[in-house]
Structures are given as structure tokens and as C-alpha cells.
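One structure is given below, encoded as C-alpha cells.
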Amino acid sequence: MSRQVKLIAFLMTGPTSHHHAMWRHPETENRFLDPLWWETLARTLEAGRFDAFFFADATAFYNETIMTKGGQMSLLDPVPLVAMMARATSRIGLGLTMSTSFLPPYSLARTLASLDLLSGGRIAWNVVTSASDREAMNYGLPSLLPRGERYDRAQEVLDACMELWASWSDGALVVDKESGDFIDGDKLRPTDFKGKYVGAKGVFAVPPSAQRHPVIMQAGSSPRGRDFAASSAELIFTLQHSLADMQEFYVDMKARVEKAGRAPEDCAILTSIDPIIGETESIAREKQAYINELVDPQLGIALVSAHTGLDLSTYPIDKPITDIPVEAGSRGSFDVIIQGTKAENLTLGEAAKRFATSELCPQVVGTPESVADQLEEYFENKGCDGFILTPTEMPGSFEAFTRSVVPILQKRGLFRKDYPGVTLRETIHA
Ligand SMILES: Cc1cc2nc3c(=O)[nH]c(=O)nc-3n(C[C@H](O)[C@H](O)[C@H](O)COP(=O)(O)O)c2cc1C
């Protein structure tokens with residue numbers, strides 16, 4: 547089979563995705579606290595044969611403007627929600643974000659392994675280090691660690707989780723009523739992980755899932771974030787402004803993956819796009835203009851400040867922004883603003899507004915055929931291995947994409963017609 551596009555739906559348990567007017571769209575249902583609504587959405591995405599959906603997460607309100615104006619936020623812990631959505635489906639991968647900066651590895655490993663086991667091996671863990679001090683404060687810490695140290699800690703957390711997940715050999719769970727043997731202790735390897743930041747000593751108490759451990763997904767894209775991803779991620783989520791930016795990132799990441807001793811195809815690079823589909827090109831363009839116009843301008847600056855950890859309210863709004871060291875927040879988020887600024891000479895105000903629509907990633911606008919053409923162009927020109935799709939209306943964006951674009955990609959032989967197996971790892975390596 548030729549190289550296949552991967553499709554992952556971007557979700558958050560709140561009013562927005564990347565698009566900060568999503569919740570204000572007339573057809574958005576805003577039923578993000580209703581478990582039945584999420585179950586229906588999971589079935590829709592599975593009917594569209596999406597590789598997975600995944601929940602981005604924030605464990606704090608990033609700032610007052612974002613909270614009061616309905617910006618990016620999570621109003622639920624994705625863990626129980628993913629468990630419910632797993633019960634409503636049988637094949638689609640289930641991704642969730644959990645930060646390495648707050649919880650001890652045993653706690654993360656136990657939650658993720660339990661979800662992975664109960665879902666039949668369909669979990670992906672988006673391993674993030676977090677970008678906001680407010681999240682740290684919610685966990686009783688004064689602030690986040692500096693980026694370098696956050697990644698040092700992340701590496702330790704991931705190494706410890708991997709060690710815990712590797713504890714059980716096949717056949718360790720015996721459950722023999724006759725003999726009275728329940729677990730074969732010889733088949734369990736205790737963990738003794740001692741790091742600078744975290745540790746874990748003892749026997750891991752969750753049996754392995756059908757894919758043994760969750761698929762590892764990563765989103766940081768500072769040089770440190772890229773190396774972290776290159777060594778362990780099977781899926782990378784990236785923000786890129788144009789095909790040229792995607793290609794630059796793709797070449798750089800695949801080289802880092804090889805340098806880390808892995809095959810380039812072991813790590814799929816998924817770029818964020820925002821599909822807006824219409825019956826005709828002009829209807830699609832009108833839909834785009836309509837939804838973008840609904841974004842509250844204040845949200846743009848508030849959001850960019852939150853993502854980058856910079857107070858951008860002190861910078862002139864009517865001038866293009868130049869490169870600034872990003873110590874606290876996400877370098878990857880800032881890079882996409884610099885890309886947009888350079889390519890289109892955007893002022894900070896314009897870049898911020900665009901960030902609040904699609905985080906400056908492409909809005910792929912047109913008829914189903916032309917949306918499929920644009921995705922094919924990014925994919926065939928090695929801009930990416932697939933897409934993180936962000937909606938502008940919920941659940942309409944995903945329903946429209948599933949109904950109209952997926953069959954075209956399938957007909958062109960770019961996207962598989964069914965799931966190859968059960969586990970997420972089988973799906974993404976098909
Ligand atoms: C595309 C992308 C998506 C991200 N998604 C999340 C997320 O859902 N939750 C979160 O806490 N941090 C998220 N982050 C930030 C990560 O926490 C990241 O580990 C940290 O900001 C360092 O990123 P950097 O290496 O790009 O500087 C994301 C970052 C990027 C670039």
C-alpha cells in the first residue's frame with residue numbers, strides 16, 4: 547500500500563478548538579459538558595475512519611480575558627471522558643494530553659495504562675511540559691521550571707513510565723482457580739528508577755494492554771522539544787504556517803529521528819489545518835470570512851501572551867513582531883507567529899487575530915474536492931504525514947469533513963477505507 551494520510555481530530559473540553567469563535571458559530575451546539583454528545587462525536591469520527599481524536603488540555607484558565615471571553619480552556623478532565631468515548635467506539639484511537647510537570651510517573655503510568663487496557667490498546671499520550679505558570683500554581687508550585695529543566699524532568703517521567711509499562715512479561719497474569727495462582731511474580735520486573743526530579747520504586751500493578759503501552763505523541767517544537775520528540779514520539783503535532791514551513795520542519799524532524807537511531811517512518815508528523823468546506827468555492831470563502839469576523843480581537847493578544855509566556859500587551863500592536871527569546875511558554879507557538887509575520891508582513895495585532903482563528907496554521911477553504919487537493923499537496927510534497935484537523939463549528943466541521951472529504955481521499959488511494967486492526971499502534975503503522 548502506498549503512503550497513507552493520517553487524520554486526527556483536535557478536541558478540547560470547552561468552547562474553542564484553535565478557532566476562538568467556534569462556540570459563537572450559530573450551528574455550534576456547545577454541549578461540551580454532555581457525555582452523550584461526546585459519544586456521538588466519537589462515533590462520527592470513527593465512521594470517518596479517523597486514526598484518532600485527541601484532547602489538548604489546560605489545567606488552568608490561562609488568563610482573565612481567555613476565561614471571560616471564551617478562549618482556549620478545558621472545563622473537564624479528559625481522563626473520564628476518554629474512558630466514556632472508548633466505550634462508545636471500538637477502533638478509533640483516543641488521545642489525551644497529560645503534563646510531565648506536575649504528577650509523579652507512577653500516577654501518570656497507572657492512569658494511562660488503565661485507559662489503554664480498558665480501551666483495547668487505543669490510547670495516545672500527548673506528552674507536554676505545559677506552558678503556563680498558572681497551571682503550576684494550581685498544583686501548589688510557585689511557577690513552571692525553566693524550559694530546559696522542564697524537558698529534563700519530562701525525559702525522566704517518560705523513561706520511568708516506560709520502565710513501569712515494561713514490568714509485565716507475557717503470561718504474568720495467571721488467574722488459575724485450580725492451583726490458586728493469581729500472578730506469576732517471576733514474570734514481573736520491579737522498577738527502581740531514581741532521577742533528579744522523579745522516582746519510582748516497586749512493582750507496577752497494572753497488566754499490559756493489547757499494544758503494551760500508549761502511543762507517544764509530542765507537541766513541543768523548540769530545539770529541545772524536537773530532540774525529545776525525535777527520541778520517543780510516534781506522532782508529532784506541529785503548528786506551521788505554509789507548505790515551505792512544513793517542509794522545513796519535516797526535513798529537520800526526520801533527520802533528528804534518524805540521528806536518534808530510529809527509522810524516519812517511525813515518527814509521523816501531523817500538521818494542524820482548519821478545514822472550511824462549502825458547496826462552492828465562494829460559499830466556503832464566505833463561511834471563512836463569517837467565522838473569522840466573530841473572533842473577539844482582545845482574545846488574540848491574550849492567547850498569544852498565554853501560549854508564549856510573554857506579556858505582549860507592552861509591544862506595539864501595529865508593527866510586525868521580531869524574534870524574542872521565549873523562556874517560559876511554547877517556542878512552537880511563537881515560531882508560527884514569526885513565520886506568519888515574515889511571510890505576510892503581519893503586524894502583531896493582525897498576527898494575534900489570526901492566531902485566534904487557526905493559530906496561524908492554514909485554513910483550508912473550498913469545495914470538498916479542492917480541500918482534498920490542498921491536503922494532497924501538503925502530503926505529497928512532504929510537508930507532513932497527515933493532519934490534525936481543528937474545527938470551526940461543532941460538530942458540523944467534523945461531520946462535513948467525514949461526509950465529503952474523507953471519501954475523496956479514499957477514492958484517490960490516499961486514505962485507508964477501514965481500520966487495519968484494533969490497536970492505535972496498528973492503525974498508525976498501517
Ligand atoms: C502544537 C502544540 C500543541 C501543544 N498542546 C499543548 C496542550 O494541549 N497542553 C499543554 O499543556 N501544552 C501544550 N503545548 C505546549 C507544550 O506544553 C510544550 O511542551 C511546551 O510549551 C514547550 O514547547 P516548546 O518546545 O515548543 O517550547 C503545545 C505546544 C505546541 C507547539
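When the letters of the sequence shown are read in order and numbered with my numbering, they come out as residues 547 to 976.
Beta carbons are placed, not taken as given, at the ideal position from N, Cα and C, and that holds for glycine.
- Counting along the chain, Val703 sits inside no beta strand (DSSP E); it lies in the alpha helix (DSSP H) bounded by residues Arg693 to Trp711.
- A direct Cα-to-Cα measurement between Thr559 and Phe578 gives close to 6 Å.
- Rounded to the nearest whole angstrom, the CA to CA distance from Ile554 to Asp732 is 40 Å.
- One alpha carbon belongs to Lys888, the other to Ile870, and they sit about 14 Å apart.
- For Arg958 and Val968, the gap between their C-alpha atoms comes out near 24 Å.
- Under the Cβ criterion (8 Å, minimum of three pairs), the region 778-796 counts as touching the region 814-828.
- Leu892: not part of any beta strand (DSSP E); DSSP gives it neither H nor E.
- Cβ-Cβ distances below 7 Å link Glu592 to Thr635, Arg637 and Ile638 in the same chain, with the five nearest sequence neighbours on each side left out; the list follows chain order.
- Annotation: the region 893-942 contains the following complete segments of the alpha helix (DSSP H) (minimum length 4 residues), in chain order: 894-904 and 914-926.
- For Asn672, the uninterrupted beta strand (DSSP E) run begins and ends at Ile669 to Val674, by DSSP.
- A Cβ-Cβ separation of about 7 Å places Leu894 in contact with Leu858 under the 8 Å criterion.
- Residue range Leu719 to Asp722 is occupied by the beta strand (DSSP E) that includes Val720.
- A check of alpha carbon separations from His787 across Ala700, Cys930 and Leu691 identifies Cys930 as the nearest.
- Using a Cβ distance threshold of 7 Å, Leu719 and Pro753 count as a contacting pair.
- Following the DSSP letters along the chain, one finds Thr590 inside the alpha helix (DSSP H) bounded by residues Pro581 to Ala593.
- Under the three-state reduction of DSSP output, Leu849 falls in the helix class.
- In the displayed model, Phe600 falls within a strand according to three-state DSSP.
- Taking one beta carbon from each stretch, the region 680-689 and the region 723-738 have fewer than 3 pairs nearer than 8 Å; the two do not touch.
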